[in-house]
Amino acid sequence: MENTNRKSVEIKKIRGVLPSSEALFSSTKSQARWYRIQEKIIENMLLLATIISSTAIFFIILFVAKEALSSLKHNGLAFFIAGGWDQHIQEAWFSETPKWDFGALPLILGTFLTTGGALLLTFVLGTGCAIFLAELAPDAIRRPVEAMVRLLAGIPSVIFGLIGLMVVVPFIMDNFISNELALKFIAVAPLDGQSLLAGVIVLTFMVLPFYVTVATDAIRAVPKPYKEASLALGVTQWRSVTKVLIPVAIPGIVTGMILASARAVGEAIALSMVSGGMAFIPDPSHGLVFFLEPVRVMASAIIDNKEAMSVKAIESALFGVGTILLFISILLSLTARLVFSWYQKQVMAK
Amino acid sequence: MINGQLIKRSRLVALGPVLCWLSAAIIVAVCAGLVLYPLIIGAKMVNLEFLLTDPIPSFNEALAGGILTPIAGTIIIILIATFVTVPIALGTAIYLSEYANRDSVITKSISLGVDVLAGVPSAVLAIFGLILFSLPQLAFLSSKVEGTELALGSSFLVGGLIMMLHIVSFVIKAMEESIRSVPENYRTAAYALGTTRWRVIRKAVLPAALPGVITGIILGIGLIAGDTAIITLCVGGSMTMTGAEQWWLPWNWLETLQGSGSTLTTFVYYSSPAGEGNAPNKAFGAAFILILIVLFLNLTVDYIMAKSKKVKAAA
Numbered sequence: 002m003e004n005t006n007r008k009s010v011e012i013k014k015i016r017g018v019l020p021s022s023e024a025l026f027s028s029t030k031s032q033a034r035w036y037r038i039q040e041k042i043i044e045n046m047l048l049l050a051t052i053i054s055s056t057a058i059f060f061i062i063l064f065v066a067k068e069a070l071s072s073l074k075h076n077g078l079a080f081f082i083a084g085g086w087d088q089h090i091q092e093a094w095f096s097e098t099p100k101w102d103f104g105a106l107p108l109i110l111g112t113f114l115t116t117g118g119a120l121l122l123t124f125v126l127g128t129g130c131a132i133f134l135a136e137l138a139p140d141a142i143r144r145p146v147e148a149m150v151r152l153l154a155g156i157p158s159v160i161f162g163l164i165g166l167m168v169v170v171p172f173i174m175d176n177f178i179s180n181e182l183a184l185k186f187i188a189v190a191p192l193d194g195q196s197l198l199a200g201v202i203v204l205t206f207m208v209l210p211f212y213v214t215v216a217t218d219a220i221r222a223v224p225k226p227y228k229e230a231s232l233a234l235g236v237t238q239w240r241s242v243t244k245v246l247i248p249v250a251i252p253g254i255v256t257g258m259i260l261a262s263a264r265a266v267g268e269a270i271a272l273s274m275v276s277g278g279m280a281f282i283p284d285p286s287h288g289l290v291f292f293l294e295p296v297r298v299m300a301s302a303i304i305d306n307k308e309a310m311s312v313k314a315i316e317s318a319l320f321g322v323g324t325i326l327l328f329i330s331i332l333l334s335l336t337a338r339l340v341f342s343w344y345q346k347q348v349m350a351k
Numbered sequence: 450m451i452n453g454q455l456i457k458r459s460r461l462v463a464l465g466p467v468l469c470w471l472s473a474a475i476i477v478a479v480c481a482g483l484v485l486y487p488l489i490i491g492a493k494m495v496n497l498e499f500l501l502t503d504p505i506p507s508f509n510e511a512l513a514g515g516i517l518t519p520i521a522g523t524i525i526i527i528l529i530a531t532f533v534t535v536p537i538a539l540g541t542a543i544y545l546s547e548y549a550n551r552d553s554v555i556t557k558s559i560s561l562g563v564d565v566l567a568g569v570p571s572a573v574l575a576i577f578g579l580i581l582f583s584l585p586q587l588a589f590l591s592s593k594v595e596g597t598e599l600a601l602g603s604s605f606l607v608g609g610l611i612m613m614l615h616i617v618s619f620v621i622k623a624m625e626e627s628i629r630s631v632p633e634n635y636r637t638a639a640y641a642l643g644t645t646r647w648r649v650i651r652k653a654v655l656p657a658a659l660p661g662v663i664t665g666i667i668l669g670i671g672l673i674a675g676d677t678a679i680i681t682l683c684v685g686g687s688m689t690m691t692g693a694e695q696w697w698l699p700w701n702w703l704e705t706l707q708g709s710g711s712t713l714t715t716f717v718y719y720s721s722p723a724g725e726g727n728a729p730n731k732a733f734g735a736a737f738i739l740i741l742i743v744l745f746l747n748l749t750v751d752y753i754m755a756k757s758k759k760v761k762a763a764a
């Protein structure tokens, strides 16, 4: 300990002395001065870059929230708990006098339903895959599977949307929605396969790779002696995984879930393509048809209603939706950081 | 009795690993399907004519033209965004890893700011861009809206700048990690030769961190090529270039960059049944090119990683 301390003090000393020692080796005084100036210029340029990249978030919050203010002020709490988004957009678009009434509840619920569903599936499939990669797979299989997971993370969201629309949506239409069913619900909502279910399926595979990567690392990072001790007690490998490795890896798994939910909440394009084009609140009293009803999420609403932004009231309402999204994403980032530092402390304690 | 329970339990336990294999198999199958399906269907569409004609807005798929301008648009956005991101990201990464005091409150809040930016959805960044770049003072980046003071707020330049915000924190993280992982004795050895701090970084640290730095940039390019939300809002919804008609001529370049256009992702979006074009085969043709780009970027990262591992092992 003392030794490393002394070393770092020495290094600091050397760094402080350097510009002049450079001068020692390389001739004139003017050159030494030039080096010193150069050092200052570069340090300030680096600082400038750092300031740009770290303060950008404040400007984003400022601009988006400022634009949203007039709509949020007018609607108050109703913006969060009142329905009728599509109707409000229509009214504001066609009316002669500016109409400021907006209720974003369908969008908020849409985001929570798709994200919640996707997280549930992600947890089941992703944890299985993470255990597989960290513990079960032989090397020859593990490497290609890991490469596939990485590739999945890099596929653009519009491709997920396209495949969802051309494969998943027709599949749901053909297998779960009969003509009678569609006719029965025609007054409620169009059942054409673009649905909550399609949204959840597509979203699951979009966020899975991010969860799998983090969860696999977390399981792998559990110190070897834990598993060895458990095996030495005669516990089977599978029970060592579920009873020892997973509980220790929980902070990492939670971080992975938070990252996945941050992705899911912000996804716009793929969901706008597969989850149906209307701000509808699926009705649980319809039984399983609940999953076949269309939803629209907050991020998609921004994309879908962009043409209507020329109307001031609609623009402000869309920025209100953007503000909600922004605050959810900030909250998730902060939570992920807290969980991560908790995790680090736990590792340090060992 | 106890025996029976044990057998039941062991049967149940045997199911666990099977389910793990199954979930991995599902993920692999979905990934393969997502890559192969557009490749197989798109391959029928892709020929030289498709690649070299402009898109033509039309409800008849046969007349809808090709994807020349979307390909050009993707390249333009990648170039602009990389050009503005690299200096800022590299500067921040060097500052955070070499200059800043890791435990100070300021450094912590800087890295918090960068972290939070990483989580902001691209749709939110896009509307931020719309409002920021419609300020009249920034009209030189897009064009004036006729009859008002405001700027249009959507052009290739605007899209590229907003794309910078979308990717910068990921690139910073990758670069910072690789700079930090350069062994301390590289630095002490260079200092011992009696040179300045910046020269130590430039001549000793950065060359050693280069593979990680390049990987970070490639990750950023992948994010740029794959984003749709920022392009639809900040570059605009037009399929062809709205700048000059002969956009490829060098003296028209500035006008092209101030105008709007499309990229491969927005082309796929508009041509899919969800968009206005409803030309799914054209969409798959563009998806084919998009997937090739993603595959190429992935393989490049793998190649760089494998090579730098070898170098490290040899050293």
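Residue numbers (this note's numbering), protein chains in the order written: chain A, 2 to 351; chain B, 450 to 764. Glycine included, each C-beta is placed from N, C-alpha and C at the ideal position. On a predicted model such as this, the values are computed, not experimentally measured, just so you know.
> With a Cβ-Cβ cutoff of 8 Å, do S627/B and V662/B count as a contact?
Replying inline: Going by C-beta atoms, S627/B is nearer than 8 Å to V662/B.
> Using Cβ-Cβ distances below 8 Å, what residues of the segment 607 to 629 of chain B are close to chain A?
Replying inline: Those residues of the segment 607 to 629 of chain B that come within reach of chain A (Cβ to Cβ, closer than 8 Å) are L614, V617, S618, I621.
> Can you tell which of I611/B, I740/B, Y719/B, F532/B has its C-alpha closest to the C-alpha of G675/B?
Replying inline: Checking every option, the nearest Cα to that of G675/B belongs to I740/B.
> With a Cβ-Cβ cutoff of 8 Å, do L137/A and P466/B count as a contact?
Replying inline: Against a cut-off of 8 Å, the Cβ pair of P466/B and L137/A comes out as a contact.
> CB I527/B to CB I679/B, shorter than 8 Å?
Replying inline: Not a contact, by the Cβ cut-off of 8 Å.
> If you scan the segment 255 to 325 of chain A from start to end, which runs of the alpha helix (DSSP H) of 4 or more residues do you find wholly inside it?
Replying inline: As far as the segment 255 to 325 of chain A is concerned, its whole alpha helix (DSSP H) runs of at least 4 residues are 270 to 275, 299 to 305.
> Skipping 5 residues on each side, what residues in its chain have a beta carbon closer than 6 Å to that of E625/B?
Replying inline: Hits under 6 Å: A542, L545, S546.
>> Beta carbons nearer than 9 Å to chain A: which residues of the segment 668 to 688 of chain B have them?
In response: For chain A, the residues of the segment 668 to 688 of chain B that bring a beta carbon within less than 9 Å of one of its beta carbons are L668, G671, L672, A674, G675, D676, T677, A678, T681, L682, G686, in chain order.
>> Comparing C-alpha positions only, which one of A755/B, L497/B, T644/B sits nearest to A33/A?
In response: Per the C-alpha coordinates, the member of A755/B, L497/B, T644/B positioned closest to A33/A is T644/B.
>> Can you list, in chain order, the residues of its chain with a C-beta nearer than 6 Å to that of S231/A? Leave out the 5 residues immediately preceding and following it.
In response: Within the same chain, S231/A has close Cβ partners S241, V245.
> Going by beta carbon distance, what residues of the same chain come within less than 6 Å of M274/A, once the five residues before and after it are set aside?
Replying inline: Here the set comprises G162, L166.
>> Please tell me whether L672/B and I576/B are closer than 8 Å, where the distance is taken between their beta carbons.
In response: Judged by beta-carbon spacing, I576/B lies beyond the 8 Å limit of L672/B, meaning their Cβ atoms are not closer than that value.
>> Please tell me whether P252/A and W343/A are closer than 8 Å, where the distance is taken between their beta carbons.
In response: When the beta-carbon positions are compared, P252/A and W343/A come within less than 8 Å of each other.
> So who's on the other strand from K593/B, going by DSSP bridges?
Replying inline: Looking at the DSSP assignment, K593/B forms a beta bridge with A600/B.
>> What does the Cβ neighbour count give for G288/A, buried or exposed, with the cut at 16 atoms within 10 Å?
In response: With fewer than 16 other Cβ atoms within 10 Å, it is exposed.
>> Against chain B, with Cβ distances strictly below 8 Å, would P107/A count as a contact?
In response: For P107/A, no CB of chain B lies under 8 Å from its own CB, so it is not counted at the interface with that chain.
> From E23/A to L48/A, what does the alpha carbon distance come to, in whole angstroms?
Replying inline: Because E23/A carries a pLDDT of 47, less than 50, the predicted location of this residue cannot be relied on, and the following value inherits that uncertainty. CA-CA distance, E23/A to L48/A, rounds to 24 Å.
>> Could you tell me the alpha carbon to alpha carbon distance between K41/A and F589/B, rounded to whole angstroms?
In response: Just so you know, the alpha carbons of K41/A and F589/B end up roughly 33 Å apart.
> Terminal residues of the continuous alpha helix (DSSP H) containing W697/B?
Replying inline: W697/B -> no alpha helix (DSSP H), and no H or E assigned at all.
>> Contact criterion: CB-CB distance below 8 Å. Does G77/A meet it with respect to chain B?
In response: Taking Cβ atoms only, chain B never reaches closer than 8 Å to G77/A, which makes this a no.
> In three-state terms, what does DSSP make of G671/B?
Replying inline: Residue state for G671/B is assigned as helix, using DSSP reduced to three classes.
>> Tell me the rounded alpha-carbon separation between I160/A and A337/A.
In response: Their backbone Cα atoms lie some 28 Å apart in a straight line.
> Who are the Cβ neighbours of D305/A in its own chain at under 6 Å, not counting the five residues just before and after it?
Replying inline: The residues are S273.
>> Along the segment 721 to 750 of chain B, where does the CB come closer than 8 Å to a CB of chain A? Name the residues.
In response: The segment 721 to 750 of chain B vs chain A, Cβ under 8 Å: S721, P722, A723, P729, A732, F733, A736, L739, I740, V743, L744, L746, N747.
> What residues from the segment 75 to 104 of chain A come within 9 Å of chain B, judged by C-beta to C-beta, listed N to C?
Replying inline: Cβ contacts with chain B come from no residue of the segment 75 to 104 of chain A.
> Does the Cβ-Cβ distance between L706/B and S604/B come in under 8 Å?
Replying inline: Taking 8 Å as the Cβ cut-off, L706/B and S604/B qualify as a contacting pair.
> For the segment 557 to 586 of chain B, which residues have a CB atom closer than 9 Å to at least one CB atom of chain A, in sequence order?
Replying inline: Listed in chain order, the positions of the segment 557 to 586 of chain B with a beta carbon within less than 9 Å of a beta carbon of chain A are S558, I559, S560, L561, G562, V563, D564, V565, L566, A567, G568, V569, P570, S571, A572, V573, L574, A575, I576, F577, L579, I580, L581.
> How would you write the range of the alpha helix (DSSP H) that I53/A sits in, first residue to last?
Replying inline: Taken as a continuous stretch (DSSP letters only), the alpha helix (DSSP H) holding I53/A covers 30 to 76.
>> Below 8 Å, how does it come out for the segment 303 to 323 of chain A and the segment 223 to 238 of chain A: are there three or more Cβ pairs, yes or no?
In response: They do not touch, by the three-pair rule.
> Alpha carbon to alpha carbon, what distance is there between Y36/A and G491/B?
Replying inline: So the alpha carbons of these two residues sit roughly 57 Å apart.
> From what residue to what residue does the alpha helix (DSSP H) around C130/A run?
Replying inline: Segment 106 to 132, the alpha helix (DSSP H) holding C130/A.
> With DSSP run on the structure shown, which of helix, strand or coil describes G194/A?
Replying inline: In the three-state reduction of the DSSP assignment, G194/A falls in the coil class, being assigned neither a helical nor a strand state.
>> One question on the structure: do P99/A and Q195/A come within less than 8 Å of each other, judged by their Cβ atoms?
In response: No, Cβ-Cβ distance for P99/A and Q195/A is not below 8 Å.
>> Does Y640/B pass the burial test, meaning 16 or more other C-beta atoms within 10 Å, or should it be called exposed?
In response: Buried, because 16 or more other Cβ atoms sit within 10 Å of the Cβ of Y640/B.
> Given that L209/A touches chain B, what residues does it touch there, using C-beta distances under 8 Å?
Replying inline: The answer, in chain order, is I476.
>> With distance defined between alpha-carbon atoms, name the residue in L339/A, L326/A, L319/A, I329/A nearest to E68/A.
In response: Ranking L339/A, L326/A, L319/A, I329/A by CA distance to the CA of E68/A puts L319/A first.
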